[in-house]
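Quick notes on the structure that follows.
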Amino acid sequence: MMRLELVRGDITKQCADAIVNAANTSLLGGGGVDGAIHRAAGPKLLEECQDLGGCPTGEAKLTRGYNLPAKFVIHTPGPIWRGGASHEDELLASCYTSCLSLAVENGCKTVAFPSISTGVYHFPLDRAAAIAVGAIWSFLETDGTLERVRIVCFDDTTLAAYNKALSAVGRG
Ligand code: ADP
């Protein structure tokens with residue numbers, strides 16, 4: 001059974017133990033999916049984030065989910081695309097792996113991700129999708145505790161890119 005699935009939707013509506021926030025390094029809120037998560041979670045999320053002291057790109061920090069259906073939010077700043085020679089690929093893979101490690105450490109069985117870095121951070125979509133699917137797939141190969149990892153794509157273009165990446169990794 002495939003433990004990695006793709007859906008089109010809104011990550012703030014996901015029933016999962018943890019949802020991932022494509023944050024910035026301040027962890028103090030922003031636009032895009034970050035803004036949507038803070039609006040849906042309510043002001044207590046920002047209060048908790050203010051005590052975290054930010055987060056380096058490629059790493060992850062966990063908070064409660066407050067008014068969200070998800071129990072936890074895992075905040076990870078993705079890399080800003082600077083042309084590909086600034087460790088963007090490794091940093092993006094590290095976002096996914098760091099979030100999954102933190103989820104497992106906190107007993108999560110289900111995790112939902114947005115498409116990290118492909119919005120205002122302008123990471124090329126096909127390249128980001130291949131890295132995301134590859135990193136999650138590799139993690140699941142060594143982990144026996146996660147039951148379901150879902151990538152929540154906000155639009156059809158994003159969903160198509162992740163579908164293509166998943167069929168490539170599924171073929172081996
Ligand atoms: P980044 O700064 O990491 O590029 P963005 O929030 O700008 O993050 O965009 C990342 C992805 O999240 C984009 O594909 C964007 O369309 C998508 N997105 C925006 N709002 C939501 C949402 N509510 N649920 C899921 N994905 C969303």
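Taking full-length UniProt numbering, I'd label the letters of the sequence shown as residues 1 to 172.
Glycine residues also receive a C-beta, built at the ideal position from the N, C-alpha and C atoms.
Keep in mind that this is a model prediction, so the values were computed, not measured.
Beta-bridge annotation (DSSP): histidine 75 is paired with Asn21 and Lys61. Apart from sequence neighbours up to five positions away, the residues of its chain that approach tryptophan 137 with a beta-carbon distance below 8 Å are Leu4 and Val169, ordered along the chain.
Remark: C-beta atoms of valine 7 and arginine 150 approach each other more closely than 8 Å. Ranked by Cα distance from asparagine 163, the first of Asp126, Glu147 and Pro56 is Asp126. Looking at Ser115, Gly42, Leu27 and Arg39, the one whose alpha-carbon comes closest to that of alanine 132 is Ser115. In the structure shown, cysteine 99 falls within a helical segment according to DSSP collapsed to helix, strand and coil. C-alpha of threonine 110 to C-alpha of aspartate 17: approximately 5 Å in a straight line.
Linking histidine 122 to tryptophan 81 through their CA atoms gives a straight-line distance of about 6 Å. Judged by DSSP secondary structure, valine 33 falls within the alpha helix (DSSP H) whose first and last residues are 32-41.
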